[in-house]
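Engineer:
In my numbering, the protein residues as written are 240 to 436.
Now the structure itself:
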């Protein structure tokens, strides 16, 4: 799952939300990260990694890869994560009690309030994320096109990611149905994970 999903799955605290977001920006063992971050941040990073493992191995997620043009399937994890964040945004009221825009502003404020918890790359991109309101752009197909294009420019071999927007437009209803099937199982998984950790 992409940024928005990890944030909505987190506990309702700055540390949990930032920790779940940091899972995309930190590398290394939990032991090494525990020397840098407090326990609740570490719990968020661990949860992020558990969610990623669950998602990547889920049959619905695997089947969703088949909706992508074969030449783009090597980037399927990235593309589907972003597409699923779009459908989460569109159906937000079914998964969170707080209005989306209010939730997003709370996230930006939390990150602003805790510069000491910003990993290198998060610190680099956060000004653009906030200024361009990346989390809100997931709500529209045009915003997803911009997101895929931005991600496609990260490396020399990632240009194909931008064309994931073609797959979304051609298979929109099926992506949506797959997301709606997958999300309840993800919520059940995270509820169980939280109780065990």
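Backbone N, C-alpha and C define an ideal beta-carbon position, used for all residues, glycine too. All values derive from a computational prediction rather than experimental measurement.
What first and last residue would you give for the alpha helix (DSSP H) that runs through residue 259?
Structural biologist: 253–261
Engineer: Cutting at 6 angstroms between CB atoms, please list the residues of its own chain near residue 401, excluding the five before and the five after it.
Structural biologist: 387, 388 and 391
Engineer: On the DSSP letters alone, give me the boundaries of the alpha helix (DSSP H) that residue 323 sits inside.
Structural biologist: 315–329
Engineer: Determine whether the beta carbon atoms of residue 290 and residue 245 lie at a separation below 8 angstroms.
Structural biologist: yes
Engineer: Does the separation of the CB atoms of residue 375 and residue 343 fall below 8 angstroms?
Structural biologist: yes
Engineer: Whose CA, out of 367, 366, 433 and 325, lies closest to the CA of residue 403?
Structural biologist: 325
Engineer: Can you give me the C-alpha to C-alpha distance between residue 264 and residue 352, rounded to a whole angstrom?
Structural biologist: The alpha-carbon atoms of residue 264 and residue 352 are separated by roughly 18 angstroms.
Engineer: Taking the alpha helix (DSSP H) that residue 265 belongs to, which residues open and close that run?
Structural biologist: From DSSP, residue 265 is part of no alpha helix (DSSP H); its letter is neither H nor E.
Engineer: How long is the line joining the alpha carbons of residue 300 and residue 276, rounded to whole angstroms?
Structural biologist: 31 angstroms
Engineer: Thinking C-beta only, is residue 380 closer than 8 angstroms to residue 408?
Structural biologist: yes
Engineer: Where does residue 279 fall in DSSP's three states?
Structural biologist: Of the three classes helix, strand and coil, the one that applies to residue 279 here is helix, per DSSP.
Engineer: Whose C-alpha, out of 361, 422, 434 and 298, is nearest the C-alpha of residue 335?
Structural biologist: 422
Engineer: Just verifying my parser: in three-state terms, what is the DSSP assignment at residue 241?
Structural biologist: coil
Engineer: Quick check on DSSP: helix, strand or coil for residue 377?
Structural biologist: coil
Engineer: Here's a check: name, in chain order, each residue in its chain whose Cβ is nearer than 7 angstroms to the Cβ of residue 398, leaving out the five neighbours to either side.
Structural biologist: 391
Engineer: Going by beta carbon distance, what residues of the same chain come within less than 7 angstroms of residue 295, once the five residues before and after it are set aside?
Structural biologist: 316
Engineer: I'd like to know whether the C-beta atoms of residue 284 and residue 261 end up nearer to each other than 8 angstroms.
Structural biologist: yes
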